[in-house]
Amino acid sequence: MEVAPDILALLAAVAFLAGAIDAMAGGGGLLTIPALLAAGIPPVSALATNKLQSAFGTASAFAAYARAGHVDLRRFAMPVAGAFAGSAGGAAVVQHVDPSFLAALVPVLLVLMGFYFLLAPPMSHVDRHARLGPRGLTIVVTLIGFYDGFFGPGTGSFLTTALVAFGGLGLVRAIANTKLLNLATNIAALLAMVAGGQLLWTLGIAMAIANVGGNQLGAYLAIRFNGRGVRPLLVVLSLALTLKLLADPANPLWRMF
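Residue numbers (our numbering): 424 to 680.
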């Protein structure tokens, strides 16, 4: 599928903004997926292309947090394995879903994720006692990984919430280790999507380069300012893009009623 240069440039700009937001608070896919769909990219190809740019961006943010000493590789080795397996399973399943059903489902999921980001309570910046051990946390992360492979937006926030609520981490350390887990889910889903022939390489690489730049900026801002004020911006932009999708009379969602 060919993408016009102006559309490619616009999607790259969205990927840069999404990368910055994703590094600070998670949820960058709430911008890139509706933008890809609004540009006419088929649903599964949109998810696959999003995984490519997200994988590069997440790797970049992970490197920034690791350099700052916030990542605990030894503690999260088992959850990483669970995240990888769950995401691979989700990505395999989504490639066998009816595209028209997926096109109708995605806007609904985007709206739900937007409200989650808007209404979710703030998280503590202070480390606390962990409520779950490695095995329990691995089960939770595996389920979130399956969701990421199947759809994706909000995964970073879900992982961060799990690490704060169940792992006892403060917010910045939780975000940093979320990047490790999210990198595993992105790589697993990407490999499954590549094997299924769903990826738009030129568009994905352009968005990946932009996303890396955005993630570097976002990681710097998160470490310095703790990502304050990001969620409202993310929700407004996400709902605006989703409303554009829903405004199309040809959206399969309207044929279901």
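Glycine is no exception: its CB is placed at the ideal position from the N, C-alpha and C atoms.
*List the endpoints of the continuous alpha helix (DSSP H) containing Gly-509.*
Reading the sequence shown from its first residue, position 86 is the one you call residue 509. From DSSP, the alpha helix (DSSP H) with Gly-509 extends over 500-517.
*Grab the span of the alpha helix (DSSP H) containing Val-564 for me, first residue to last.*
Here residue 564 is taken as the residue at index 141 of the sequence shown, counted from 1. In this chain, the alpha helix (DSSP H) harbouring Val-564 covers 557-573.
*Does the ligand FMN have a heavy atom nearer than 7 Å to the CB of Met-630?*
This structure does not include the ligand FMN; it has no bound ligands of any sort.
*Within its chain, find whatever has a CB closer than 8 Å to the CB of Trp-525; leave out the 5 residues flanking it on each side and keep chain order.*
Counted from its first residue, the sequence shown places residue 525 at position 102. Note on residue identity: the sequence assigns Leu, not Trp, to residue 525. So the list reads Pro-466, Val-467, Val-517, once near-sequence residues are dropped.
_Cβ-based neighbour list, Ala-478, same chain, cut-off 8 Å, excluding 5 preceding and 5 following_ = In the sequence shown, counting from the first residue as 1, residue 478 sits at position 55. Excluding sequence neighbours, Ala-478 sits near Leu-606, Asn-609, Ile-610, Leu-613, Ala-631.
_Could you compute how far the alpha carbon of Thr-561 sits from the alpha carbon of Asp-429?_
Translated into positions along the sequence shown, residue 561 becomes position 138. Translated into positions along the sequence shown, residue 429 becomes position 6. Near 43 Å, if we compare the C-alpha coordinates of Asp-429 and Thr-561.
*Give me the Cα-Cα distance between Ala-615 and Asp-521, rounded to the nearest whole angstrom.*
Counting from one through the sequence shown, the residue named residue 615 turns up at place 192. Counting from one through the sequence shown, the residue named residue 521 turns up at place 98. Annotation: Ala-615 to Asp-521 spans about 17 Å, alpha carbon to alpha carbon.
*Rounded to whole angstroms, how far is the Cβ of Leu-626 from the Cβ of Val-564, which I believe are closer than 8 Å?*
The count along the sequence shown starts at 1 and reaches residue 626 at position 203. The count along the sequence shown starts at 1 and reaches residue 564 at position 141. Not a contact, Cβ separation roughly 30 Å.
*Label Val-531 either buried or exposed according to how many other C-beta atoms from any shown protein chain fall within 10 Å of its C-beta, with 16 as the threshold for buried.*
By 1-based counting over the sequence shown, the position of residue 531 is 108. The residue is exposed, with fewer than 16 neighbouring Cβ atoms inside 10 Å.
*Other residues of its chain near Met-501: CB distance less than 6 Å, five sequence neighbours each side excluded*: Sequence index remark: in the sequence shown, residue 501 carries index 78 (1-based). These residues qualify, in order along the chain: Pro-557, Thr-561.
*asked:* I need the straight-line Cα distance from Val-587 to Gly-593, nearest angstrom please.
replied: As a position in the sequence shown, residue 587 is number 164, starting the count at 1. As a position in the sequence shown, residue 593 is number 170, starting the count at 1. Computed Cα separation, rounded: 6 Å.
_List, from N- to C-terminal side, the alpha helix (DSSP H) runs of 4 residues or more that fit wholly inside the segment 447-472._
Within the segment 447-472, the alpha helix (DSSP H) runs of at least 4 residues that lie entirely inside it are, in chain order, 452-461.
*Where do the N-terminal and C-terminal ends of the alpha helix (DSSP H) with Ala-491 fall, by residue?*
Numbered from 1 along the sequence shown, position 68 holds the residue referred to as residue 491. Careful: Ala-491 lies outside any alpha helix (DSSP H) and carries neither H nor E.
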